[in-house]
Each structure stands twice: as structure tokens, then as C-alpha cells.
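Position one of the sequence shown corresponds to residue 27 (my numbering), numbered consecutively onward. C-beta atoms are modelled at their ideal positions from N, C-alpha and C, and glycine is treated no differently.
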Amino acid sequence: MAHSQFDLLRQRRFLPYFIVQALGAFNDNVYRQAIIGLLAYMAVGSAEMGLYANLAPAIFILPYFLFSATAGQIAEKLEKQRLIVITTTMEIIVMSLAAVGFLLQSMPILLVALFGTGLQSTLFGPVKYSILPSVLKPEELTGGNGLVEMGTSLSILVGMIFGGLIFQLAGDHGPQVAAVSVVLMAIAGNTVARRIPKVDAGDPTLKVDWNLLRESWRIWQLTRRQLAVRNAVLGVSWFWFVGTVLTAQLPVYAQANLGGTQNLYIFALALFSVGVGIGSMSCEKLSGRTVEIGLVPLGAFGVSAFLLDLYFARPGQALAQGLSVMEFVRAPGTWRIMLDLTGIGLFTGFFVVPLFALIQSRTPKHELARVISGMNIQNAMFIVAAAGIGLALQRYLGWTIPQVFLALAIANTLVAVWIFSIVPEFFMRFLSWLLVRTLYRLKLHGIEKHVPDEGAALLVCNHVSYMDALILAACIPRPVRFVMYYRIFNIPVLRWIFRTARAIPIAGAREDPEIMQRAFDAVDAALAEGELVCIFPEGALTKDGQIAPFKPGVEKILARALARGQDVPVVPMALRNMWGSMWSRRDSRLGRMRLPRRLRAHIEVVADEPIAAANASAALLEARVRALRGDAA
Numbered sequence: 027m028a029h030s031q032f033d034l035l036r037q038r039r040f041l042p043y044f045i046v047q048a049l050g051a052f053n054d055n056v057y058r059q060a061i062i063g064l065l066a067y068m069a070v071g072s073a074e075m076g077l078y079a080n081l082a083p084a085i086f087i088l089p090y091f092l093f094s095a096t097a098g099q100i101a102e103k104l105e106k107q108r109l110i111v112i113t114t115t116m117e118i119i120v121m122s123l124a125a126v127g128f129l130l131q132s133m134p135i136l137l138v139a140l141f142g143t144g145l146q147s148t149l150f151g152p153v154k155y156s157i158l159p160s161v162l163k164p165e166e167l168t169g170g171n172g173l174v175e176m177g178t179s180l181s182i183l184v185g186m187i188f189g190g191l192i193f194q195l196a197g198d199h200g201p202q203v204a205a206v207s208v209v210l211m212a213i214a215g216n217t218v219a220r221r222i223p224k225v226d227a228g229d230p231t232l233k234v235d236w237n238l239l240r241e242s243w244r245i246w247q248l249t250r251r252q253l254a255v256r257n258a259v260l261g262v263s264w265f266w267f268v269g270t271v272l273t274a275q276l277p278v279y280a281q282a283n284l285g286g287t288q289n290l291y292i293f294a295l296a297l298f299s300v301g302v303g304i305g306s307m308s309c310e311k312l313s314g315r316t317v318e319i320g321l322v323p324l325g326a327f328g329v330s331a332f333l334l335d336l337y338f339a340r341p342g343q344a345l346a347q348g349l350s351v352m353e354f355v356r357a358p359g360t361w362r363i364m365l366d367l368t369g370i371g372l373f374t375g376f377f378v379v380p381l382f383a384l385i386q387s388r389t390p391k392h393e394l395a396r397v398i399s400g401m402n403i404q405n406a407m408f409i410v411a412a413a414g415i416g417l418a419l420q421r422y423l424g425w426t427i428p429q430v431f432l433a434l435a436i437a438n439t440l441v442a443v444w445i446f447s448i449v450p451e452f453f454m455r456f457l458s459w460l461l462v463r464t465l466y467r468l469k470l471h472g473i474e475k476h477v478p479d480e481g482a483a484l485l486v487c488n489h490v491s492y493m494d495a496l497i498l499a500a501c502i503p504r505p506v507r508f509v510m511y512y513r514i515f516n517i518p519v520l521r522w523i524f525r526t527a528r529a530i531p532i533a534g535a536r537e538d539p540e541i542m543q544r545a546f547d548a549v550d551a552a553l554a555e556g557e558l559v560c561i562f563p564e565g566a567l568t569k570d571g572q573i574a575p576f577k578p579g580v581e582k583i584l585a586r587a588l589a590r591g592q593d594v595p596v597v598p599m600a601l602r603n604m605w606g607s608m609w610s611r612r613d614s615r616l617g618r619m620r621l622p623r624r625l626r627a628h629i630e631v632v633a634d635e636p637i638a639a640a641n642a643s644a645a646l647l648e649a650r651v652r653a654l655r656g657d658a659a
């Protein structure tokens, strides 16, 4: 049966949470835009408007620096649904204060309430993302995060539009409409939050450390324990940097470079937001319902390409001014600008959704809320830096906005290359994802159910083609250490991928007993470290499409682990319909040099229930793999 991430929107475990986080993003932006509308309604001078423009972002983001560490601990200690109800109740109180500010037309009260919305967002942030691994299956993480990012980006956009229209449409009743709107939205969020099912706390025994500086440092250090998680957090923070620089320039860019009005700025932001939504929603389909970090390099370089083209599309000032949205759309050459803005958003979705899914899947659940808090501290630093750098480039260096976009494209490329050079797993997964998704059409069965999310396991599979390891790597969310014939390991181009993936080359006892012994030692060490190891017990590619008898090496591996006191589960797996596909031995070497007869072949990967090491003989495993493959050679 076909799966769709939209199925989650019909399930109580996800839908109320999705609505709450979308309403929160919507209400925050209604409030901030309504304040701008109130200032215009009060006909304040440009000096006071400028003061608000500089004060408001700082006031909103200050709580992230001050209280993220405490928020992370609270999100770890409390039952998550209860915490969401508490934070949405807090939103009602804050928005009630904001309503008083609107009615009295008091900027001090509104700015105090703005600080309160920042505090509420700080408390909600850790639970917003740490709840997902508890309510979603591993194969649903990418789709769930895609829905959340889509909902957030569109809620921000619609909230800005709604908040900006309040004083235009309501006129003298604007303060009353703004006051009622923000309070009603807060009440709606709190009402829906009570429909979220209870979700256990990550670490109910945690003792909260109220020392902000000490705990902020500790929590930030938690984000750096695993190299892949550390760089995923860095990637998310860089996403906020790029987004802040880009969106901060859009109001002036729409006027000076596109020749439009405030409506054209909203249109440009809408293109970007819709792109983010589409990109986020596409991640599940592109990843095959796994946490596919191979999409991250694709997203990073795609953002750079469209930013670069945005510079060339309109490097100078607009030729006309005061254009409406429709006049802009009809103007020659503007399709390119619209495509660039949408493309930047699209590839941003490809970039950030797998990073969130990676952080959630590889961080222990009892630490996840604190890791998210540490990420929020870092995000806030990057946002402030982005605002400061963007301002400095234009005010002190005299750069134009298109030149800022060009610099951002170059910087994004350099940062991406740096991250991927530090953690080659990102780029390696991208190459394997690109190869496998180009050459084959995959269908998965039982991977998410039977391959353990954490801890050691031995995967055994039939061996049909030179691409088997890449196919399995593209199907399994966790990193896998593959044991492969050393001649396949040394195939040019693929060798770099296999080495980066820390594959283990092996040779037969007669060929090179030293390589074979090193392989067994490496497998034992990997299992002792709690890693996934995959072996092909036939010992060689099939020459006729049939499964050859399994060799006893698998029993030797399990015996060594049992002798150490480790009962390693063994997961039988099978590749189906691979015989005759690209790089199987059905074609001769000369035949493989031409276009293969089954490019984009339909293939399946099947996993079965794990078998305890004490019961897993070579004969039993062979029988299970044969049954899994069936007649689909």
C-alpha cells in the first residue's frame, strides 16, 4: 500500500501538534506585522519607526540567549503534552497583554509583550522538534519534518499578510481587531494543544540547573558529541543565517531593484515561502521514506546556484517604479527572478528537512530537547550575526543588495564544501543517493520495522550486483559498515564512496589470509561499538541469479561476539529483481560497458524479523533469505 505523509494529518498523534505549531507561527507574525500597522496608524515619524525596526528583532531574540538552556531542561523533564499546554497558556497571557497595548496604543506595553512572545517561543522550541521522534515512526521522520517546515513557512507568510492588512481594512477599528485577533489565535492554539496525546518526558529524573551560563555551555556541548549531529546543527544554524540575510533584504530589494511596492515584497516572500513548502514536502518522496542526508548537498548547492542567478537576473536598479504585482509579473525578464526566488526556497527545503530528521534520529531521546535548545542558542547567534553583517555590508562598504546576494551565494558554497569535507558522509550519501535513484526504482519492505534504530546488528543479504552495497546504504537510515570483496572495494570512483562509508574489505583465505583476518577483527570491533554491519554470506556475486550456499564466516562473527558476551541480532535481508539489472553478472563485462538493458529497473529490498545470535546458523539464515527473495531473482 502506498504511503503518504499527508496521512499523518488525519491522525491524532500528529494533527493537533501540527495545528498548534502552525497557529503559533501564524500568531507571532500577525502580532509583529500588526505593530507595524499600528505605528503607521498612529502616524509616527520615521525616527520612531526606525527605532522599532531595530529594537523589535533584538527584543524577540533575546530570550533565546537567556533562557534556551532552562527551556531545554524543562522540555526534557516534563511530559511533553503538558508542556505544550503550559506554553500555549502562557501565549494567552502574553497576547492578552499585547491586546492591552493595542487598545491603549502603547509601544512600551507592546514591546514587553514582544519579549514575552520570544520567551514563549524559546520554551516551545525544544518540545516542537523533540516530540517528533516520540510520536512518529523512523520512516515517518522525514515526512513529518517536511510537513512541519511547510506549515511553519506558510503560516509565517499568511500571518504577515493578515497582520499587515488589519489596519488597512479595519481602519479606525484596527487596534480592536488586532487585539481580538491575537488573543483568539492564542486561545485556539491552547484548545487544540489539549487534544495532543500524552508523550513521555525524555528524562523525568533530570535535575534542572538554573545557572544560565553554565548550563548554556553544557547544552551547547551536547550538540557537539557526534560529528554528524554537530554539523547538522551547524547546517541548521547556517540555514537561519542565509534566510535572515535574504529575507532582511527583500523589502528594499522589492522596491529598489524590482520597482515595486509593499505588495511586491509580500509576493517575493510568498515565492520563497511556497518554494520552501514544496521542497520540504518533496523530501519524503525523494528520500524513499528514510532519513536521507544525501539531499543536504543537493539543497546547499541548489541554493547557491539560484542565489547566483538572482544576482545576474537583476544586478542593478529597477527601470520602473511603483509596479503592482501584476505589472511586475507581465514585465519582461521577471519570470527569471520569480523562478530564482522559488528555487532558493525549494532547495532550502531539501537542505534543512533532512538535517532536522538526522538530529532527531541520531540523538538519544533523553538528550534531544537539550540538543534542540543548544541548537536554538547557536541559531540566535547566527541570526544576529546575519543581521549585523547584512547591515555592515550595505552601510559601511556600500554594497548593493544584488551584491549581497552574490556574496551570500559564494559564502554558502564555501560553507557547504567545508561542512561536507569535515563530514564526508553527507557527500557520500549524496553520491550514493544520486546513483541509486538514477539507475533504479526502489520499493522497500520491513526496513524501518526490523532494522534496529540503535545498537549493534548484523545484516545478511544475498549478493547480486556490484551496486548492492550502495542500494542497501540508500535504504537504511543509519550508517552501515559493509563487508565487501576487496576487488569490488577497489573499483575506481566507488572506492572513495566505500572508503568514506568505512566499508570493510575482505578476501578469501586462499587469496590473502591477512586481509581476511583484518576484516573479521574490524567487524568484531564495529559490533562492539554498537554499529550496523552488513555482510554478503555467499562470498561472491551470483553468476546465474541463484543464491549460493552461505559460508560459515557469519557463524564465526557471531561466535566472537557471543564470546565477548554480546548477543548481536541478525537481520535477514533480500534484494529482489536485481538479476539482469545494471551491474549484475547477467551481462558480460563488454555488455556492461554499453547502456544496460534494465536502466531504471524496478527492484525491492526486503527485511525480516531479527534472529538471536545464539540461534543464527548459516543454514537458517540462508533459508530465511531465500524465502524473502522468493522467485524474484
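- Assignment of residue 106 by DSSP, reduced to helix, strand and coil, places it in the helix class.
- In the three-state scheme derived from DSSP, where H, G and I count as helix and E and B as strand, residue 506 is classed as strand.
- As DSSP reads the structure, residue 469 sits in a beta bridge with 630.
- Taking 8 Å as the upper bound for CB-CB distance, residue 489 and residue 562 are in contact here, some 4 Å apart.
- Residue pairing by DSSP places residue 164 opposite no residue, since no beta bridge is assigned to it.
- Excluding the 5 residues flanking it on each side, residue 524 has same chain C-beta neighbours closer than 6 Å at 515, in chain order.
- Residue pairing from DSSP places residue 600 in a beta bridge opposite 632.
- Taking the C-beta atoms as reference points, residue 486 is found nearer than 7 Å to residue 647.
- Between the segment 348–359 and the segment 455–465 there are fewer than three inter-stretch CB-CB distances shorter than 8 Å, so the stretches are not counted as touching.
- Cβ-Cβ distances below 8 Å link residue 34 to 40, 41, 44, 162, 166, 169, 170 and 173 in the same chain, with the five nearest sequence neighbours on each side left out; the list follows chain order.
- For the pair residue 319 and residue 423, the CB atoms are not nearer than the 7 Å cut-off.
- Excluding sequence positions up to five before and after residue 144, its CB lies within less than 8 Å of the CB of 85, 86, 87, 88, 89 and 90, all in the same chain and listed in chain order.
- Taking a C-beta distance under 7 Å as the contact criterion, residue 447 and residue 496 do not qualify as a contact pair.
- Linking residue 527 to residue 479 through their CA atoms gives a straight-line distance of about 18 Å.
- By the Cβ-count criterion, residue 345 is exposed, with fewer than 16 other Cβ atoms from all chains shown falling within 10 Å of its own Cβ.
- For the pair residue 600 and residue 549, the CB atoms are not nearer than the 7 Å cut-off.
- DSSP places residue 48 inside the alpha helix (DSSP H), whose first and last residues are 41–67.
- By the Cβ test, the segment 439–446 is not in contact with the segment 296–312, since fewer than three Cβ pairs between them sit closer than 8 Å.
- Sequence-distant Cβ neighbours of residue 303 in its own chain, meaning closer than 6 Å and more than five residues away, are 176, 179 and 180.
- Beyond the five residues adjoining it in sequence on each side, residue 229 comes within less than 7 Å, by CB distance, of 102, 103 and 392 in the same chain, given in chain order.
- One Cα belongs to residue 271, the other to residue 374, and the distance between them is close to 14 Å.
- Under the DSSP definition of a beta bridge, residue 552 lacks any partner.
- For residue 345, there is no enclosing beta strand (DSSP E), as DSSP gives it neither H nor E.
- For residue 49, the closest of 208, 582, 122 and 137 by C-alpha to C-alpha distance is 208.
- By the Cβ rule, the segment 49–63 counts as touching the segment 188–195, because three or more pairs are nearer than 8 Å.
- Separation of residue 363 and residue 402 (C-alpha to C-alpha, rounded to the nearest whole angstrom) is 32 Å.
- Each of 407, 361 and 119 was checked against the Cα of residue 259, and the nearest Cα belongs to 407.
- When the five nearest sequence neighbours on each side are left out, the beta carbons in the same chain lying within less than 7 Å of the beta carbon of residue 635 are those of 476, in order along the chain.
- Residue 269 has its alpha-carbon roughly 29 Å from the corresponding atom of residue 109.
- The residue from 537, 299, 655 and 387 with its alpha-carbon nearest to that of residue 630 is 655.
- The beta carbons of residue 594 and residue 585 sit about 11 Å from each other, so the pair does not count as a contact at 8 Å.
- When 576, 325, 212 and 47 are compared, the shortest CA-CA separation from residue 157 is found for 47.
- Taken through DSSP and simplified to helix, strand or coil, residue 561 comes out as strand.
- At least 7 Å separates the beta-carbon of residue 291 from that of residue 427.
- Within the same chain, 193 and 200 come within 6 Å of residue 67 by CB-CB distance, once the 5 residues on both sides are set aside.
- Residue burial annotation: residue 257 is buried, with at least 16 other C-beta atoms found within 10 angstroms of its C-beta.
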